(Lines of atoms letter the chains of each structure in order from A and count residues from 1; the text may use other names and numbers.)
(Lines give C-alpha, C1' and ligand atoms only; values in the text may rest on other atoms or scores of the structure.)
Protein backbone atom coordinates (compact mmCIF):
# COMPACT_ATOMS: atom_id res chain seq x y z
CA UNK A 1 0.00 0.00 0.00
CA UNK A 2 1.30 3.43 -0.87
CA UNK A 3 2.37 5.56 2.11
CA UNK A 4 0.01 8.56 2.07
CA UNK A 5 2.88 10.86 3.03
CA UNK A 6 4.48 10.21 -0.33
CA UNK A 7 1.51 11.54 -2.27
CA UNK A 8 1.79 15.15 -1.08
CA UNK A 9 3.22 16.28 -4.41
CA UNK A 10 1.32 13.85 -6.60
CA UNK A 11 -1.61 15.20 -8.59
CA UNK A 12 -4.11 12.76 -9.95
CA UNK A 13 -5.25 14.53 -13.07
CA UNK A 14 -7.18 11.97 -15.04
CA UNK A 15 -10.23 13.91 -16.18
CA UNK A 16 -13.66 12.44 -16.47
CA UNK A 17 -17.00 13.40 -17.94
CA UNK A 18 -19.87 11.86 -15.94
CA UNK A 19 -22.51 9.86 -17.74
CA UNK A 20 -25.97 11.38 -18.03
CA UNK A 21 -28.05 10.30 -15.02
CA UNK A 22 -29.90 7.07 -15.54
CA UNK A 23 -33.48 6.29 -14.70
CA UNK A 24 -33.77 5.03 -11.14
CA UNK A 25 -34.27 1.30 -11.20
CA UNK A 26 -32.62 0.70 -14.55
CA UNK A 27 -29.38 -1.16 -13.89
CA UNK A 28 -27.77 -0.17 -17.17
CA UNK A 29 -24.05 -0.67 -16.63
CA UNK A 30 -22.12 2.55 -16.24
CA UNK A 31 -18.56 3.07 -17.26
CA UNK A 32 -15.79 3.53 -14.76
CA UNK A 33 -14.62 7.11 -14.23
CA UNK A 34 -11.46 8.38 -12.59
CA UNK A 35 -11.83 11.23 -10.18
CA UNK A 36 -9.84 14.43 -10.59
CA UNK A 37 -8.02 15.18 -7.33
CA UNK A 38 -5.02 17.01 -5.95
CA UNK A 39 -4.38 15.77 -2.44
CA UNK A 40 -2.05 16.29 0.49
CA UNK A 41 -1.91 13.61 3.20
CA UNK A 42 -4.22 15.70 5.44
CA UNK A 43 -6.62 18.24 3.98
CA UNK A 44 -5.61 21.58 5.51
CA UNK A 45 -9.09 22.98 4.85
CA UNK A 46 -10.59 20.58 7.41
CA UNK A 47 -10.02 21.15 11.12
CA UNK A 48 -9.99 18.01 13.29
CA UNK A 49 -8.61 17.30 16.79
CA UNK A 50 -4.90 16.71 17.28
CA UNK A 51 -4.02 13.18 16.28
CA UNK A 52 -6.65 12.96 13.54
CA UNK A 53 -6.25 13.39 9.80
CA UNK A 54 -8.92 14.18 7.18
CA UNK A 55 -8.07 12.98 3.67
CA UNK A 56 -10.17 13.88 0.65
CA UNK A 57 -11.47 10.61 -0.78
CA UNK A 58 -13.42 12.02 -3.73
CA UNK A 59 -14.53 15.36 -5.14
CA UNK A 60 -16.58 16.61 -8.07
CA UNK A 61 -19.57 14.58 -6.86
CA UNK A 62 -23.13 15.58 -7.65
CA UNK A 63 -24.52 16.76 -4.29
CA UNK A 64 -23.83 13.65 -2.16
CA UNK A 65 -26.26 13.41 0.75
CA UNK A 66 -26.32 10.49 3.19
CA UNK A 67 -23.64 7.83 2.76
CA UNK A 68 -23.12 4.20 3.70
CA UNK A 69 -19.95 2.08 3.64
CA UNK A 70 -19.94 -1.57 2.53
CA UNK A 71 -17.90 -4.22 4.40
CA UNK A 72 -15.27 -4.10 1.63
CA UNK A 73 -14.93 -0.30 1.95
CA UNK A 74 -17.04 0.75 -1.07
CA UNK A 75 -18.89 4.02 -0.50
CA UNK A 76 -22.47 4.57 -1.60
CA UNK A 77 -23.96 8.06 -1.55
CA UNK A 78 -27.47 9.27 -2.29
CA UNK A 79 -27.31 12.17 -4.73
CA UNK A 80 -29.62 15.12 -4.37
CA UNK A 81 -29.20 15.68 -8.10
CA UNK A 82 -30.20 12.18 -9.06
CA UNK A 83 -29.68 8.57 -8.07
CA UNK A 84 -26.81 6.78 -6.36
CA UNK A 85 -23.06 7.38 -6.51
CA UNK A 86 -20.76 4.37 -5.88
CA UNK A 87 -17.06 4.85 -5.09
CA UNK A 88 -14.24 2.34 -4.79
CA UNK A 89 -10.62 2.65 -3.71
CA UNK A 90 -9.20 -0.28 -5.66
CA UNK A 91 -5.50 0.24 -4.90
CA UNK A 92 -5.84 0.99 -1.18
CA UNK A 93 -4.26 4.45 -1.24
CA UNK A 94 -7.23 6.11 0.46
CA UNK A 95 -8.46 7.81 -2.72
CA UNK A 96 -11.50 6.55 -4.66
CA UNK A 97 -10.42 6.04 -8.25
CA UNK A 98 -13.61 4.36 -9.47
CA UNK A 99 -17.03 5.98 -9.64
CA UNK A 100 -20.29 4.62 -10.97
CA UNK A 101 -23.72 6.23 -11.00
CA UNK A 102 -27.29 5.28 -11.75
CA UNK A 103 -30.74 6.82 -11.36
CA UNK A 104 -32.38 10.15 -12.15
CA UNK A 105 -34.43 11.04 -9.08
CA UNK A 106 -32.81 13.18 -6.43
CA UNK A 107 -32.75 11.76 -2.92
CA UNK A 108 -31.17 11.78 0.53
CA UNK A 109 -31.63 8.45 2.29
CA UNK A 110 -29.46 5.39 1.70
CA UNK A 111 -28.91 2.12 3.54
CA UNK A 112 -27.17 -1.20 3.07
CA UNK A 113 -29.11 -3.76 5.08
CA UNK A 114 -30.89 -7.12 4.91
CA UNK A 115 -29.18 -8.04 1.64
CA UNK A 116 -30.30 -4.89 -0.22
CA UNK A 117 -29.03 -1.45 -1.14
CA UNK A 118 -31.80 1.03 -0.33
CA UNK A 119 -32.24 4.49 -1.85
CA UNK A 120 -34.84 7.04 -0.75
CA UNK A 121 -35.79 9.52 -3.43
CA UNK A 122 -38.13 12.30 -2.40
CA UNK A 123 -41.31 10.44 -3.41
CA UNK A 124 -40.24 6.80 -3.66
CA UNK A 125 -38.04 4.32 -1.79
CA UNK A 126 -36.21 1.75 -3.95
CA UNK A 127 -34.02 -1.25 -3.23
CA UNK A 128 -31.67 -3.48 -5.20
CA UNK A 129 -30.62 -6.98 -4.21
CA UNK A 130 -26.99 -6.62 -3.17
CA UNK A 131 -24.15 -9.11 -2.84
CA UNK A 132 -20.81 -8.61 -1.04
CA UNK A 133 -18.37 -6.77 -3.29
CA UNK A 134 -21.07 -5.60 -5.72
CA UNK A 135 -20.55 -2.03 -7.01
CA UNK A 136 -23.61 -1.47 -9.20
CA UNK A 137 -27.06 -3.03 -9.77
CA UNK A 138 -27.43 -6.23 -11.73
CA UNK A 139 -31.24 -6.13 -11.85
CA UNK A 140 -34.03 -3.59 -11.83
CA UNK A 141 -34.90 -1.83 -8.61
CA UNK A 142 -37.89 -2.87 -6.55
CA UNK A 143 -40.26 -0.12 -5.41
CA UNK A 144 -40.69 -0.53 -1.66
CA UNK A 145 -42.86 2.54 -0.92
CA UNK A 146 -44.19 5.17 -3.33
CA UNK A 147 -46.37 8.25 -3.13
CA UNK A 148 -44.46 9.79 -0.22
CA UNK A 149 -45.43 13.38 0.74
CA UNK A 150 -43.47 16.21 -0.85
CA UNK A 151 -43.40 19.98 -0.59
CA UNK A 152 -41.88 21.81 2.34
CA UNK A 153 -39.41 19.36 3.88
CA UNK A 154 -39.18 16.84 1.08
CA UNK A 155 -35.99 14.82 1.80
CA UNK A 156 -36.48 11.27 3.05
CA UNK A 157 -33.79 9.96 5.41
CA UNK A 158 -34.14 6.23 6.13
CA UNK A 159 -32.83 3.48 8.40
CA UNK A 160 -33.50 -0.26 8.07
CA UNK A 161 -33.38 -2.82 10.87
CA UNK A 162 -35.02 -6.08 11.97
CA UNK A 163 -37.61 -6.21 9.21
CA UNK A 164 -38.61 -2.55 9.42
CA UNK A 165 -37.96 0.56 7.34
CA UNK A 166 -38.09 3.90 9.18
CA UNK A 167 -38.64 7.12 7.21
CA UNK A 168 -38.75 10.81 8.12
CA UNK A 169 -41.82 12.58 6.75
CA UNK A 170 -40.80 16.20 7.37
CA UNK A 171 -43.46 18.86 7.83
CA UNK A 172 -44.85 20.81 4.93
CA UNK A 173 -44.80 24.07 6.88
CA UNK A 174 -42.78 26.03 9.41
CA UNK A 175 -45.31 26.01 12.26
CA UNK A 176 -48.66 24.94 10.73
CA UNK A 177 -49.95 28.51 10.50
CA UNK A 178 -53.15 29.39 8.72
CA UNK A 179 -50.92 31.41 6.37
CA UNK A 180 -47.47 29.80 6.45
CA UNK A 181 -44.53 31.98 7.53
CA UNK A 182 -46.71 35.07 7.87
CA UNK A 183 -46.29 37.44 10.81
CA UNK A 184 -48.88 36.97 13.58
CA UNK A 185 -50.84 34.36 11.62
CA UNK A 186 -52.31 31.90 14.15
CA UNK A 187 -51.64 28.20 13.93
CA UNK A 188 -54.10 25.61 12.71
CA UNK A 189 -55.71 23.82 15.65
CA UNK A 190 -55.66 20.95 15.32
CA UNK A 191 -52.78 20.86 12.84
CA UNK A 192 -54.11 18.70 10.00
CA UNK A 193 -50.73 17.73 8.58
CA UNK A 194 -49.79 15.79 11.72
CA UNK A 195 -51.95 12.95 10.40
CA UNK A 196 -49.58 12.34 7.51
CA UNK A 197 -46.39 14.37 8.12
CA UNK A 198 -44.06 15.84 10.78
CA UNK A 199 -43.00 12.51 12.22
CA UNK A 200 -41.30 9.20 11.67
CA UNK A 201 -43.18 6.44 9.83
CA UNK A 202 -42.40 2.72 9.95
CA UNK A 203 -42.94 0.26 7.11
CA UNK A 204 -42.19 -3.40 6.54
CA UNK A 205 -38.78 -3.89 4.95
CA UNK A 206 -39.84 -7.24 3.50
CA UNK A 207 -42.73 -5.98 1.35
CA UNK A 208 -42.65 -4.12 -1.95
CA UNK A 209 -45.32 -1.96 -3.53
CA UNK A 210 -46.35 -0.18 -0.33
CA UNK A 211 -47.97 3.25 -0.02
CA UNK A 212 -47.97 5.67 2.94
CA UNK A 213 -51.17 4.10 4.26
CA UNK A 214 -49.31 0.80 4.72
CA UNK A 215 -46.99 2.38 7.29
CA UNK A 216 -47.62 3.34 10.88
CA UNK A 217 -46.89 6.70 12.43
CA UNK A 218 -44.10 5.62 14.77
CA UNK A 219 -43.60 9.05 16.43
CA UNK A 220 -45.16 12.46 15.85
CA UNK A 221 -44.60 16.14 16.55
CA UNK A 222 -41.18 16.19 14.87
CA UNK A 223 -40.80 19.00 12.36
CA UNK A 224 -38.01 17.39 10.35
CA UNK A 225 -35.90 14.63 11.95
CA UNK A 226 -33.28 14.42 9.21
CA UNK A 227 -30.66 12.59 11.30
CA UNK A 228 -31.57 8.98 12.15
CA UNK A 229 -29.49 6.08 13.50
CA UNK A 230 -29.72 3.15 15.87
CA UNK A 231 -27.75 3.38 19.13
CA UNK A 232 -25.71 0.15 19.19
CA UNK A 233 -25.77 -0.82 22.88
CA UNK A 234 -29.52 -0.46 23.37
CA UNK A 235 -30.70 -1.01 19.81
CA UNK A 236 -33.00 2.01 20.12
CA UNK A 237 -33.61 4.54 17.38
CA UNK A 238 -32.21 8.07 17.89
CA UNK A 239 -32.86 11.22 15.95
CA UNK A 240 -31.88 14.87 15.65
CA UNK A 241 -34.55 17.21 14.33
CA UNK A 242 -34.79 20.74 12.98
CA UNK A 243 -36.65 23.31 15.06
CA UNK A 244 -39.01 25.92 13.64
CA UNK A 245 -37.96 29.34 12.29
CA UNK A 246 -38.89 33.02 12.46
CA UNK A 247 -39.61 33.67 16.12
CA UNK A 248 -38.09 37.10 15.61
CA UNK A 249 -39.43 38.01 12.19
CA UNK A 250 -42.99 36.84 12.86
CA UNK A 251 -43.37 37.26 16.62
CA UNK A 252 -40.98 39.97 17.76
CA UNK A 253 -38.46 37.84 19.70
CA UNK A 254 -35.12 39.59 20.26
CA UNK A 255 -32.28 38.98 17.83
CA UNK A 256 -30.43 36.83 20.36
CA UNK A 257 -33.48 34.71 21.21
CA UNK A 258 -34.39 34.37 17.53
CA UNK A 259 -30.88 33.07 16.84
CA UNK A 260 -30.75 30.57 19.70
CA UNK A 261 -34.35 29.33 19.79
CA UNK A 262 -35.78 26.88 19.42
CA UNK A 263 -33.18 24.23 20.15
CA UNK A 264 -32.30 21.58 17.63
CA UNK A 265 -33.37 18.43 19.52
CA UNK A 266 -31.34 15.22 19.85
CA UNK A 267 -32.77 12.20 21.63
CA UNK A 268 -34.29 8.72 21.45
CA UNK A 269 -37.37 7.99 19.37
CA UNK A 270 -40.06 6.44 21.56
CA UNK A 271 -42.82 4.61 19.71
CA UNK A 272 -46.12 6.47 20.02
CA UNK A 273 -44.52 9.57 21.52
CA UNK A 274 -45.50 13.16 20.73
CA UNK A 275 -42.60 15.63 20.62
CA UNK A 276 -44.83 18.69 20.42
CA UNK A 277 -44.46 20.36 17.02
CA UNK A 278 -46.13 22.69 16.05
CA UNK A 279 -47.76 23.51 19.39
CA UNK A 280 -44.51 23.52 21.37
CA UNK A 281 -40.81 24.13 20.99
CA UNK A 282 -37.81 23.31 23.18
CA UNK A 283 -36.10 26.21 24.95
CA UNK A 284 -32.63 24.91 25.82
CA UNK A 285 -31.93 28.07 27.82
CA UNK A 286 -34.70 27.06 30.25
CA UNK A 287 -34.58 23.31 29.70
CA UNK A 288 -38.34 23.04 29.03
CA UNK A 289 -40.79 22.88 26.17
CA UNK A 290 -42.96 25.98 25.91
CA UNK A 291 -46.01 26.91 23.87
CA UNK A 292 -45.41 28.28 20.39
CA UNK A 293 -46.62 31.85 19.80
CA UNK A 294 -48.97 30.62 17.05
CA UNK A 295 -50.84 28.78 19.83
CA UNK A 296 -50.91 31.46 22.49
CA UNK A 297 -47.36 31.14 23.79
CA UNK A 298 -45.38 34.09 25.09
CA UNK A 299 -41.98 32.46 25.57
CA UNK A 300 -42.84 31.40 29.13
CA UNK A 301 -46.15 29.51 29.04
CA UNK A 302 -45.80 25.75 29.24
CA UNK A 303 -49.37 24.45 29.27
CA UNK A 304 -49.81 21.12 27.47
CA UNK A 305 -46.15 21.26 26.40
CA UNK A 306 -45.21 19.91 29.82
CA UNK A 307 -46.45 16.50 28.61
CA UNK A 308 -44.26 16.42 25.48
CA UNK A 309 -40.98 14.53 25.42
CA UNK A 310 -37.87 16.64 25.93
CA UNK A 311 -34.59 15.85 24.15
CA UNK A 312 -31.49 14.36 25.69
CA UNK A 313 -29.55 17.38 24.36
CA UNK A 314 -30.62 20.69 22.88
CA UNK A 315 -28.25 22.28 20.36
CA UNK A 316 -28.22 25.97 19.38
CA UNK A 317 -31.05 27.07 17.13
CA UNK A 318 -30.99 26.64 13.35
CA UNK A 319 -27.79 24.59 13.19
CA UNK A 320 -29.75 22.09 11.04
CA UNK A 321 -28.76 18.54 12.11
CA UNK A 322 -28.76 16.38 9.02
CA UNK A 323 -26.55 13.32 9.59
CA UNK A 324 -26.02 10.92 12.51
CA UNK A 325 -23.87 7.86 13.16
CA UNK A 326 -22.59 6.05 16.23
CA UNK A 327 -18.93 5.12 16.45
CA UNK A 328 -18.79 1.33 16.73
CA UNK A 329 -15.16 0.69 15.74
CA UNK A 330 -11.95 0.60 17.80
CA UNK A 331 -9.56 2.75 15.76
CA UNK A 332 -10.36 6.03 17.51
CA UNK A 333 -9.26 6.68 21.11
CA UNK A 334 -11.45 5.21 23.87
CA UNK A 335 -13.10 8.59 24.52
CA UNK A 336 -14.75 8.40 21.08
CA UNK A 337 -16.01 4.83 21.21
CA UNK A 338 -19.73 4.23 21.41
CA UNK A 339 -20.66 7.90 21.09
CA UNK A 340 -22.58 9.83 18.45
CA UNK A 341 -21.29 11.97 15.62
CA UNK A 342 -23.83 14.51 14.35
CA UNK A 343 -23.42 16.52 11.13
CA UNK A 344 -24.88 20.05 11.15
CA UNK A 345 -25.51 21.62 7.76
CA UNK A 346 -25.47 25.14 9.19
CA UNK A 347 -27.97 27.95 9.54
CA UNK A 348 -29.49 30.48 7.17
CA UNK A 349 -31.82 32.24 9.60
CA UNK A 350 -29.93 33.58 12.62
CA UNK A 351 -29.61 37.07 11.08
CA UNK A 352 -28.80 39.77 11.99
CA UNK A 353 -26.50 37.72 14.23
CA UNK A 354 -23.83 35.60 12.50
CA UNK A 355 -24.87 32.31 10.95
CA UNK A 356 -23.59 29.22 12.75
CA UNK A 357 -23.38 25.43 12.76
CA UNK A 358 -21.44 24.04 9.76
CA UNK A 359 -19.67 21.28 11.70
CA UNK A 360 -19.61 17.71 12.96
CA UNK A 361 -19.91 17.33 16.72
CA UNK A 362 -19.22 14.38 18.99
CA UNK A 363 -21.49 13.38 21.90
CA UNK A 364 -20.04 10.82 24.36
CA UNK A 365 -22.36 7.96 25.38
CA UNK A 366 -22.45 5.51 28.28
CA UNK A 367 -25.07 2.82 28.86
CA UNK A 368 -27.03 4.01 25.85
CA UNK A 369 -27.32 7.66 26.93
CA UNK A 370 -25.26 10.84 26.48
CA UNK A 371 -22.65 10.98 29.24
CA UNK A 372 -21.09 14.40 28.79
CA UNK A 373 -21.07 17.65 26.85
CA UNK A 374 -20.78 17.66 23.09
CA UNK A 375 -17.72 19.08 21.38
CA UNK A 376 -16.90 20.11 17.86
CA UNK A 377 -15.01 17.33 16.08
CA UNK A 378 -14.72 18.62 12.51
CA UNK A 379 -15.28 21.90 10.69
CA UNK A 380 -13.92 23.97 7.85
CA UNK A 381 -11.37 26.73 8.20
CA UNK A 382 -14.06 29.42 7.74
CA UNK A 383 -17.38 29.77 9.56
CA UNK A 384 -19.44 28.28 6.73
CA UNK A 385 -16.73 26.87 4.47
CA UNK A 386 -17.95 23.31 5.06
CA UNK A 387 -21.54 22.05 5.05
CA UNK A 388 -21.36 18.42 6.21
CA UNK A 389 -24.28 16.06 5.74
CA UNK A 390 -23.40 12.38 5.32
CA UNK A 391 -21.68 10.37 8.08
CA UNK A 392 -20.65 6.73 8.18
CA UNK A 393 -18.10 4.54 9.97
CA UNK A 394 -16.06 2.36 7.62
CA UNK A 395 -14.72 -1.16 8.16
CA UNK A 396 -11.30 0.47 8.55
CA UNK A 397 -12.54 2.31 11.65
CA UNK A 398 -12.43 5.71 9.93
CA UNK A 399 -15.24 8.25 9.96
CA UNK A 400 -16.40 9.23 6.48
CA UNK A 401 -17.89 12.71 6.08
CA UNK A 402 -19.67 14.00 3.00
CA UNK A 403 -20.70 17.51 1.94
CA UNK A 404 -23.36 18.10 -0.68
CA UNK A 405 -22.45 21.78 -1.09
CA UNK A 406 -18.78 20.97 -1.75
CA UNK A 407 -19.43 17.75 -3.64
CA UNK A 408 -16.78 15.95 -1.56
CA UNK A 409 -16.28 13.03 0.81
CA UNK A 410 -13.45 12.84 3.37
CA UNK A 411 -12.01 9.96 5.39
CA UNK A 412 -11.09 10.91 8.97
CA UNK A 413 -8.66 8.55 10.66
CA UNK A 414 -6.69 8.59 13.90
CA UNK A 415 -2.94 8.70 13.40
CA UNK A 416 -1.86 9.67 16.92
CA UNK A 417 0.37 12.40 15.50
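Numbering (this note's numbering), first residue to last: 665 to 1081. Beta carbons: idealized from backbone N, C-alpha and C, even for Gly. Quick caveat, the model's predicted, so the values are computed rather than measured.
Secondary structure of residue 944 (DSSP, three-state): strand. For the region 999 to 1043, the full-length beta strand (DSSP E) segments reaching 3 residues or more read 1004 to 1008 and 1023 to 1027 along the chain. In the DSSP annotation of this structure, the continuous segment of the alpha helix (DSSP H) that includes residue 923 starts and ends at 919 to 924. Collapsing the DSSP output to three states places residue 886 in coil.
In this structure residue 1075 does not touch residue 823 by the C-beta definition: roughly 22 Å separates them, more than the 8 Å allowed. Within the region 852 to 879, no complete alpha helix (DSSP H) segment of 4 residues or longer occurs. Counted as a single uninterrupted DSSP element, the alpha helix (DSSP H) harbouring residue 911 occupies residues 911 to 915. If you look at residue 935, you'll find it isn't in any beta strand (DSSP E); DSSP assigns it neither H nor E. By the C-beta density criterion, residue 953 is buried, having at least 16 other C-beta atoms within 10 angstroms.
Per DSSP, the unbroken beta strand (DSSP E) holding residue 830 starts and ends at 828 to 833.
Taking 8 Å as the upper bound for CB-CB distance, residue 988 and residue 856 are not in contact here, some 29 Å apart. By a beta-carbon distance limit of 8 Å, residue 907 contacts residue 927. Their separation comes to about 6 Å.
The DSSP-derived three-state label of residue 1045 is coil. In this structure, the beta-carbon distance from residue 730 to residue 801 does not fall below 8 Å. Using a Cβ distance threshold of 8 Å, residue 807 and residue 759 do not count as a contacting pair. The beta-carbon separation of residue 726 and residue 746, rounded to 7 Å, stays under the 8 Å limit for a contact.
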